[in-house]
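Here's the structure, in structure tokens; my notes come after.
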Amino acid sequence: MTSSAQQISNTLQHKITQEINNKGSISFARFMEMALYHPGLGYYSAGLKKFGKEGDFITSPELGSLFAQSHAQLFQPVLEKHDDAVIFELGAGMGSFCHDLLLALDKLDQLPQAYWILEVSADLKHQQQQKIAQLPNHLADKVMWLDGLPEQPFNGVIFGNEVLDALPVEVFRYQNNEYHRLMLKNDNDLLSESWQPFSSELAQQLNDKKLNLPNGYRSEFIPNLNQWLTSVTTQLQSGLIWWVDYGYGAPAYYHPQRNEGTLVCHQRHEANFNPYQSVGLQDITAFVDFTHVAECLSNLDCEVKGFGTQADVLMAAGIDKLLQPEGDFVDYYQLASEMKQLMLPTEMGEKFKVLAATKNHKGDISGFENNRLYDL
Ligand SMILES: C[S@@+](CC[C@H](N)C(=O)[O-])C[C@H]1O[C@@H](n2cnc3c(N)ncnc32)[C@H](O)[C@@H]1O
Numbered sequence: 525m526t527s528s529a530q531q532i533s534n535t536l537q538h539k540i541t542q543e544i545n546n547k548g549s550i551s552f553a554r555f556m557e558m559a560l561y562h563p564g565l566g567y568y569s570a571g572l573k574k575f576g577k578e579g580d581f582i583t584s585p586e587l588g589s590l591f592a593q594s595h596a597q598l599f600q601p602v603l604e605k606h607d608d609a610v611i612f613e614l615g616a617g618m619g620s621f622c623h624d625l626l627l628a629l630d631k632l633d634q635l636p637q638a639y640w641i642l643e644v645s646a647d648l649k650h651q652q653q654q655k656i657a658q659l660p661n662h663l664a665d666k667v668m669w670l671d672g673l674p675e676q677p678f679n680g681v682i683f684g685n686e687v688l689d690a691l692p693v694e695v696f697r698y699q700n701n702e703y704h705r706l707m708l709k710n711d712n713d714l715l716s717e718s719w720q721p722f723s724s725e726l727a728q729q730l731n732d733k734k735l736n737l738p739n740g741y742r743s744e745f746i747p748n749l750n751q752w753l754t755s756v757t758t759q760l761q762s763g764l765i766w767w768v769d770y771g772y773g774a775p776a777y778y779h780p781q782r783n784e785g786t787l788v789c790h791q792r793h794e795a796n797f798n799p800y801q802s803v804g805l806q807d808i809t810a811f812v813d814f815t816h817v818a819e820c821l822s823n824l825d826c827e828v829k830g831f832g833t834q835a836d837v838l839m840a841a842g843i844d845k846l847l848q849p850e851g852d853f854v855d856y857y858q859l860a861s862e863m864k865q866l867m868l869p870t871e872m873g874e875k876f877k878v879l880a881a882t883k884n885h886k887g888d889i890s891g892f893e894n895n896r897l898y899d900l
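Counting from 525, one number per residue, gives the positions in the sequence shown under the numbering used here.
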């Protein structure tokens, strides 16, 4: 670790301790928010390398262009319905999905009118801008970075890959028929965990899940997800909402045996379960409860149309047809290895799921011939 990275981490830890000292304690969700997104210091906000071999993890769009090319096929039927179609991507990482999707849609002669990106990290926004600048002008000119959620109505596609898992979560414990909220205190300059009652609003969000949990069960949920999804989808007049992430439906997510929750940290391609180490230098994420996402969307005049594994959805998009032995052996080997990582059950194929919903959209959508809505 470089000394500047260590300095950033020390400053961030100091800020977190200061806030705890001012307030007495902070929730785990607030800790996660600061650790990941504190301006200039958080994991996603400081300029450290996060994606790829020299980073901490790799995402599907960063493996190569097969993921985006498949999505061009999946989005085409919706885009062709709208002359003014917009693709609105949240959390665009290094900008690779946008870059490769626009190239693929150009080949299909199905370009959207505009491509909007909402990115909370100033550092990643800068990297996205550099990536998009490599596109031909007629594609690069379509991309616009929003300062906040869309304020004007639009038709088209809302998309996010590995964004929901990056939203701060509340950690709860179920003990003696009550939910307790994980709070963090300062114990001689070390973070220590303690449990407090939830506010009635957050307790309600947990009670609404109607979980049947054993005593001592610990897990997570995204607080106020309903509000967040409302603001993300409210301006969509007609189109598709498409989330890709690791997660499960609620029965598997809150399975009695998953009694330690799903929180996981990544640093240098190794997973660990200690969010309090290397603060700001490691990713902290939680798996996604897709039932919760589906329920929120259903309450927002959206129709949940599909829930499937990444492998099933990419296969339905015809990803196998993209593996043409055209280039030299090295090209082919690289494509085959990318395909394996996207599709194999032991890699990303089964762990990652796709949840798709439509709003005021007539007709079927692609990708869910093996529909698995029953898992939600
Ligand atoms: C794990 S990365 C995934 C990046 C990219 N989608 C990919 O697949 O490579 C999570 C991304 O979501 C962004 N993010 C987190 N919370 C967000 C929010 N509320 N709105 C928009 N972007 C967000 C992060 O800054 C980061 O770009």
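Ideal Cβ positions, reconstructed from N, Cα and C, are used throughout, including at glycine.
Being a predicted model, the structure only gives us computed values, none of them experimental.
Exercise for the section: Give the straight-line distance between the Cα atoms of Leu-900 and Phe-811, rounded to the nearest whole angstrom. Expected result: 14 Å
Handout entry: Candidates Val-817, Pro-775, Gln-781, Pro-738: closest to Asp-769 by CA position
Key = Val-817
Problem - Residue from Glu-744, Pro-692, Gln-858, Leu-673 with nearest C-alpha to Arg-705 - result: Comparing Cα-Cα distances from Arg-705 to each of Glu-744, Pro-692, Gln-858, Leu-673, the minimum goes to Glu-744.
Practice task
Check whether the Cβ atoms of Leu-648 and Ala-616 lie closer than 9 Å to each other.
Solution key: yes
Handout entry: Residue burial classification, Thr-809 (beta-carbon count within 10 angstroms, cutoff 16)
Key = buried
Exercise for the section: Give me the Cα-Cα distance between Leu-708 and Val-693, rounded to the nearest whole angstrom. Expected result: 14 Å
Problem - Within 9 Å, strictly: CB atoms of Ala-880 and Gly-891 - result: yes
Handout entry: CA nearest to the CA of Asp-608, picked from Asp-888, Leu-760, Met-863, Val-878
Key = Leu-760
Exercise for the section: Taking only heavy atoms of ligand 1 into account, decide whether any of them is closer than 8 Å to the Cβ of Asn-685. Expected result: yes
Practice task
Could you check what DSSP says for Arg-792 in three-state terms: helix, strand or coil?
Solution key: coil
Exercise for the section: Please confirm whether Trp-766 and Phe-683 have their CB atoms less than 9 Å apart. Expected result: Cβ atoms of Trp-766 and Phe-683: closer than 9 Å.
Problem - Classification of Pro-563 by the beta-carbon crowding that lies within 10 angstroms, buried from 16 upward - result: Classification for Pro-563: exposed.
Practice task
Could you tell me how far apart the beta carbons of Ser-533 and Pro-585 are, in whole angstroms, since I believe they sit closer than 8 Å?
Solution key: Their Cβ separation, rounded to whole angstroms, is 27 Å, which puts Ser-533 and Pro-585 out of contact at 8 Å.
Problem - Distance between beta carbons of Ile-889 and Ser-594, contact taken as under 8 Å - result: The Cβ separation is near 14 Å, so there is no contact.
Practice task
Provide the residue span of the alpha helix (DSSP H) that contains Ile-532, from first to last.
Solution key: 527-547
Practice task
Can you tell me which of Ser-551, Phe-814, Gly-571 puts its alpha carbon nearest to the alpha carbon of Pro-775?
Solution key: It is Phe-814.
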